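Engineer: Have a look at the structure that comes next, please.
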Amino acid sequence: MDDILARLRGCLPQGEGPWPLHEPSFQGHEWAYVKDCLDSGWVSSVGAYVDRFESALSSYTGVAHAVATVNGTAALHIALLVAGVEPGDEVLVPALTFVATSNAIRYCQATPHFIAADESDLGPDPQALDAYLREILVEIDGQACNAFTGKPLRALVAMHSFGHPNRLDALAEICSRYGLTLVEDAAEALGTRYQGLHVGHWGRVAALSFNGNKIITTGGGGAVLTNDQDLARRARHLATTAKVAGHRELFHDETGFNYRMPNLNAALGLAQMEALNDLLRRKRMLAQRYQEAFVDCSDARFVEEPPDADSNYWLNTLLVGEGVRDALLDRAEKLGIQARPAWTLQHRLPMYRYCPSMEMTATERLAARIVNLPSSPNLVGED
Ligand SMILES: *Cc1c(COP(=O)(O)O)cnc(C)c1O
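Under the working numbering, think of the first position of the sequence shown as 2, with each following residue one higher.
Below you can see the structure in the form of structure tokens.
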């Protein structure tokens, strides 16, 4: 434990802490663009910055369409709806995720079906998932269904834990084999690539988040990404209260949502997009520092980017020995090192306790070993 703390301290800047888990960095045009919104009066849900921010997202990721939303949860909700998730469906989703992923499934009146996490990348192990699906799937009228509940298994949500991409090629193959739609919860993974392609390319549709603690922030915000023009159009429609253009009186053709990102937030986002490459460079330098510090440590393993991946290292992550985490978190806090455990696994939350689930013993032991480390880009200097 002393050894782990000493190595951690050595990765952080000289001087007094505290060193927060993740702080935003505003060093570019943030003030100027937000001021421009205020000066022009265009602060709300229409305005040029929304278009410019969406263009910046799609040109950066290479995904053809981006629809900016009020937050990542709203983006996920819309992504699942346009992916065809319907009331009564089941949606496969990692148990190791933030609650928003499960909540968005419930907003569609579908049921989360929890899948296990693998130690290597903290995402699903495609082989284990495939074996599980072979066991539980039956085909009813050409639709893959859960043999135990009789419900259609509609989609699989990949989630790139702490910025490390899932094995998306293998997951996409499983989805096409069983007729599932792949949706990516890429909330933590702006800037992350897998096999050279930015995340969001592999799913039919993906969601990003720009919450204050993510790699870039719009205050609150999110975006739906998709290469499918029809899905993009539908996402935009649903997020804009399903308003139909060309009517003098406001006309809406279904129950939509007030989910569009305001111009004020998009102005912040555009400035952050301009800084993204620099933020990524600094985060990867910090990750390299942690990685080198723990390379020969027998009591903890630093989670490195998977093979074939360029991770954004949103939150640096250490796997410690069983039963060590809580004492380590307490002692780190006293030293001003703001570390954090993983989320409570979804199948342990009261509202999701009765949802279908893979065997979770190994995932529970794994999750209890996770420690997220201070990861702000400003922990690395300008050099
Ligand atoms: C941050 C996050 C979201 C969305 O969060 P918002 O706060 O709604 O922007 C969704 N899923 C995961 C895994 C996240 O980390």
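Glycine residues also receive a C-beta, built at the ideal position from the N, C-alpha and C atoms.
Note that the structure is predicted; figures quoted are calculated from it, not measured.
#1: If you follow the alpha helix (DSSP H) that residue 38 is in, where does it begin and where does it stop?
#2: Can you round the beta-carbon distance between residue 316 and residue 118 to whole angstroms, since I take them to be within the 8 Å contact cut?
#3: At what residue ranges does the segment 41–118 contain a whole run of the alpha helix (DSSP H), taking only runs of 4 or more?
#4: Just how far apart, CA to CA, sit residue 270 and residue 159?
#5: What alpha helix (DSSP H) runs, 4 residues minimum, are completely inside the segment 154–181?
#6: Would you identify the three-state DSSP class for residue 295, choosing helix, strand or coil?
#7: Looking at residue 113: is its Cβ nearer than 8 Å to the Cβ of residue 167?
#8: Is the beta carbon of residue 342 sitting closer than 8 Å to the one on residue 326?
#9: Does the contact criterion of 3 or more C-beta pairs under 8 Å hold for the segment 363–380 versus the segment 275–284?
#10: What are the residues that DSSP puts in a beta bridge with residue 140?
#11: Which residues bound the beta strand (DSSP E) around residue 209?
#12: Which residues bound the beta strand (DSSP E) around residue 371?
#13: Cutting at 8 Å between CB atoms, please list the residues of its own chain near residue 228, excluding the five before and the five after it.
#14: Could you pull the start and end residues of the alpha helix (DSSP H) that residue 261 belongs to?
#15: In this structure, what does DSSP give as the bridge partners for residue 187?
#16: Which residue comes first and which comes last in the alpha helix (DSSP H) that contains residue 346?
#17: Can you round the beta-carbon distance between residue 12 and residue 294 to whole angstroms, since I take them to be within the 8 Å contact cut?
Structural biologist: Let me spell this out:
#1: Taking the first residue of the sequence shown as 1, we reach residue 38 at position 37. First-last of the alpha helix (DSSP H) with residue 38: 31–41.
#2: Here residue 316 is taken as the residue at index 315 of the sequence shown, counted from 1. Here residue 118 is taken as the residue at index 117 of the sequence shown, counted from 1. The Cβ separation is near 15 Å, so there is no contact.
#3: 49–62, 73–83 and 100–108
#4: The residue labelled residue 270 in the question sits at position 269 within the sequence shown. The residue labelled residue 159 in the question sits at position 158 within the sequence shown. Cα to Cα, the separation comes out at about 24 Å.
#5: 169–179
#6: Stepping through the sequence shown from its first residue, residue 295 is reached at position 294. If DSSP states are grouped into helix, strand and coil, residue 295 belongs with the helices.
#7: Here residue 113 refers to the residue found at position 112 when the sequence shown is read from its first residue. Here residue 167 refers to the residue found at position 166 when the sequence shown is read from its first residue. No. Outside cutoff.
#8: Position 341 of the sequence shown, counting from 1, holds the residue named residue 342. Position 325 of the sequence shown, counting from 1, holds the residue named residue 326. Yes, Cβ-Cβ distance for residue 342 and residue 326 is below 8 Å.
#9: yes
#10: Taking the sequence shown and counting its residues from 1, the one referred to as residue 140 is at position 139. Answer by DSSP bridge pairing, in chain order: 145.
#11: Here residue 209 corresponds to residue number 208 of the sequence shown, with the count starting at 1. First-last of the beta strand (DSSP E) with residue 209: 206–210.
#12: Residue 371 sits at position 370 when you count from the first residue of the sequence shown. 371–373 is the extent of the beta strand (DSSP E) around residue 371.
#13: Position 227 of the sequence shown, counted from the start, is the residue given in the question as residue 228. Excluding positions up to five away in sequence, the list reads 64, 65, 66 and 202.
#14: Taking the sequence shown and counting its residues from 1, the one referred to as residue 261 is at position 260. Per DSSP, residue 261 belongs to no alpha helix (DSSP H) and is neither H nor E.
#15: In the sequence shown, residue 187 corresponds to position 186, counting from 1. Beta-bridge pairing links residue 187 to no other residue.
#16: Counted from its first residue, the sequence shown places residue 346 at position 345. No alpha helix (DSSP H) contains residue 346, which DSSP labels as neither H nor E.
#17: Here residue 12 is taken as the residue at index 11 of the sequence shown, counted from 1. Here residue 294 is taken as the residue at index 293 of the sequence shown, counted from 1. Confirmed, Cβ separation roughly 5 Å.
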